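These notes are about the structure you will find just below.
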DNA sequence: ACTGGTCACTCTCCTTTGGTAAGTACGAAC
DNA sequence: GTTCGTACTTACCAAAGGAGAGTGACCAGT
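Protein chains in written order, with my numbering: chain G, 15 to 150; chain L, 15 to 150.
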């Protein structure tokens with residue numbers, strides 16, 4: 015068992031993960047999957063199925079190669095995507111979601127859609143806030 | 015109209031927000047709402063309805079006062095939560111979700127649940143990855 | 001043999017963000 | 001008048017992120 019064993023969970027090994035607890039792996043994971051580039055990488059792989067490095071770099075306009083590599087490695091390590099190297103010339107590397115990664119599509123799509131659907135409300139709210147606080 | 019007007023969207027002013035586009039406000043918003051502390055603050059306010067500063071600081075174990083204040087201000091400005099000051103002594107400040115903030119509960123809850131439900135799979139995947147790459 | 005091109009990184013430098021801890025403002029209670 | 005509680009600010013430093021040049025493997029052309 016890998017569960018972080020503390021006093022209160024000794025008799026309850028299955029339900030001990032709490033993102034609100036400091037240092038809990040589930041908090042770190044939540045942070046990872048909600049991070050800027052991870053959301054977009056997973057979203058893109060969810061829509062296109064299989065992608066190459068350069069393709070992703072173009073779709074996620076503005077990502078640096080360093081961050082793209084870093085994000086892809088982390089997601090691969092977490093078992094969310096599969097990285098396949100074809101030793102052709104020039105080299106070809108393909109990325110695709112694993113079954114585990116697929117299970118994240120729904121939640122992430124919901125979040126992405128929310129940001130598109132409500133961005134105008136948010137921009138309005140910001141304007142009002144700035145007027146309110148700017149006057150004083 | 016606040017929409018960022020570029021060539022391809024001149025005849026389509028309503029559906030122009032794209033989180034995959036560099037500098038699009040919806041990308042920034044997605045980044046905000048998916049950020050570490052914002053997720054937890056919104057989650058906590060979703061569960062408890064109304065919270066005070068100190069209460070939030072305790073529930074979100076590990077957050078610094080600086081980051082909590084900063085996160086709360088940003089969320090208030092974005093119209094996701096309401097901040098009410100009661101000029102008693104000692105001062106009392108209450109935070110609660112706005113109707114707009116309520117609409118985020120679903121998506122964020124899904125994400126949080128995912129991280130709890132799949133953290134073990136991810137930890138397994140990491141172990142395997144480290145073995146694979148550590149050997150070479 | 002040598003130049004140039006492609007792809008997927010990798011490295012370095014510098015800016016921005018985040019964390020730690022101490023300080024501030026206000027009235028109330030002792 | 002000193003201490004307490006509450007909700008912040010501020011100063012400082014370490015860690016993460018972004019910009020851009022460099023690397024290595026391979027091959028096509030000259």
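Don't be surprised by glycine CBs; every beta carbon is placed ideally from N, CA and C. Predicted model, so just to flag it, every value in this text is computed and none were measured.
The alpha helix (DSSP H) enclosing residue i, as first and last residue numbers
i: residue 79 of chain G; result: 79 to 91
i: residue 41 of chain G; result: 39 to 47
i: residue 33 of chain G; result: That residue, residue 33 of chain G, is in no alpha helix (DSSP H); it is neither H nor E in DSSP.
Opposing strand residues paired with residue i [DSSP bridges]
i: residue 100 of chain L; result: L/106
i: residue 111 of chain G; result: G/95
Option nearest residue i by Cα separation, candidates the options
i: residue 46 of chain L; options: L/91, L/76, L/71; result: L/91
i: residue 75 of chain L; options: G/121, G/117, G/138, G/34; result: G/34
i: residue 68 of chain G; options: G/107, G/133, G/132, G/123; result: G/107
i: residue 50 of chain L; options: G/57, G/54, G/56, G/40; result: G/40
i: residue 85 of chain G; options: G/61, G/99, G/54; result: G/54
i: residue 114 of chain L; options: L/144, L/133, L/61, L/93; result: L/93
i: residue 161 of chain L; options: G/100, G/87, G/125, G/142; result: With chain L covering 15 to 150 only, the question about residue 161 of chain L has no answer from this structure.
i: residue 88 of chain L; options: L/112, L/127, L/134, L/52; result: L/52
i: residue 62 of chain G; options: G/133, G/111, G/145; result: G/111
Coarse secondary structure for residue i, derived from DSSP in three states
i: residue 66 of chain G; result: strand
i: residue 122 of chain G; result: helix
i: residue 21 of chain G; result: Any reading at residue 21 of chain G must be qualified, since the residue scores a pLDDT of 48, below 50, and its modelled position is unreliable; the value itself is stated next. Helix at residue 21 of chain G.
i: residue 74 of chain G; result: coil
i: residue 117 of chain L; result: coil
Straight-line Cα distance separating residue j from residue i
i: residue 77 of chain L; j: residue 71 of chain L; result: 6 Å
i: residue 59 of chain L; j: residue 64 of chain G; result: 39 Å
i: residue 44 of chain G; j: residue 129 of chain L; result: 6 Å
i: residue 119 of chain G; j: residue 102 of chain L; result: 47 Å
i: residue 109 of chain G; j: residue 66 of chain L; result: 45 Å
i: residue 97 of chain L; j: residue 36 of chain G; result: 25 Å
i: residue 57 of chain L; j: residue 82 of chain L; result: 14 Å
i: residue 73 of chain L; j: residue 32 of chain G; result: 11 Å
i: residue 147 of chain L; j: residue 140 of chain L; result: 10 Å
i: residue 104 of chain L; j: residue 80 of chain L; result: 20 Å
i: residue 30 of chain G; j: residue 131 of chain G; result: 35 Å
i: residue 122 of chain G; j: residue 138 of chain L; result: 22 Å
i: residue 127 of chain G; j: residue 48 of chain L; result: 13 Å
i: residue 38 of chain L; j: residue 100 of chain L; result: 37 Å
i: residue 145 of chain L; j: residue 135 of chain L; result: 16 Å
i: residue 142 of chain G; j: residue 95 of chain G; result: 42 Å
i: residue 133 of chain L; j: residue 42 of chain G; result: 10 Å
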